[in-house]
Amino acid sequence: MTEVAPRRVRIVQGGPIMVEGPVCLELPDGSTAESDRFMVAICACHRSKTYPWCDTSHRRRARRAKTDSAAAKPAEASAQGMQ
């Protein structure tokens with residue numbers, strides 16, 4: 000009997016679930032989605048236009064949040080210097 004290596008699944012914090020392919024996903028509505036790629040990114044944020052596959056939509060929201068906080072820091076620094 001041949002041993003089969005376990006399928007590797009990696010959960011990316013704030014990003015997709017990476018699965019070694021090929022894969023066949025069963026969705027909540029009973030439909031299936033298949034990919035024969037060697038590595039598959041499965042959307043975990045539900046913002047993807049190609050759901051269940053990740054289209055990096057999770058990145059757009061994170062970048063805006065970082066830009067807003069970075070823009071606030073110089074304003075805070077100059078306000079502290081004026082006191």
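Be aware that the sequence shown starts at 0, since it is given in numbering that gives the first Met the number 0, and climbs by one per residue. The beta carbon of each residue, even a glycine, is placed where N, CA and C say it ideally should be. Since the model is a prediction, treat every value here as computed from it, not as a measurement.
Item: Sequence-distant residues of the same chain with beta carbon closer than 8 Å to T31, five excluded per side; Value: C23, L24 and E25
Item: Beta-carbon proximity list for I10, same chain, < 7 Å, skipping 5 on both sides; Value: I16
Item: Euclidean distance between Cα positions of G14 and T1; Value: 34 Å
Item: According to DSSP, residues forming a beta bridge with C23; Value: E33
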